[in-house]
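Single-structure report; data block below.
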Amino acid sequence: MATVVIISVEGEDGLWVADLTAGTVVPLPLPKSGGLKVVTDLRATGSTVTKGVNLAVTVKSVEAALSGHYDG
422 MATVVIISVE GEDGLWVADL TAGTVVPLPL PKSGGLKVVT DLRATGSTVT
472 KGVNLAVTVK SVEAALSGHY DG
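Heads up: the sequence shown begins at 422 in the working numbering, then just goes up one per residue.
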């Protein structure tokens, strides 16, 4: 099972890489080539790209997530 996830948030320019095993999230430089560049370019046109993820939502704060709050 993969434990590393690449994340981008709608309205934000950057990419993030989350290592779930290590418990870290760090900025990921924008790719210059390869498959990740292709999907990053699609994202820039408004597309949403997912693979291997079955839940991904944004919430207003950590406190909201911990309390189970979700604005669907």
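Virtual Cβ for every residue (Gly too), placed ideally from N, Cα, C. Please read these numbers as outputs of a predicted model, since none were measured by experiment.
Under the criterion of beta carbons closer than 8 angstroms, Leu-441 and Thr-424 qualify as touching, at roughly 4 angstroms.
The region 453-460 makes no contact with the region 477-484: fewer than 3 CB pairs, one atom from each, lie closer than 8 angstroms. Secondary structure at Val-459: helix, using DSSP grouped into helix, strand and coil. Shown here, Leu-487 sits in a helix according to DSSP, grouped into three states. In this chain, Ala-443 is not harboured by any beta strand (DSSP E), its DSSP state being neither H nor E.
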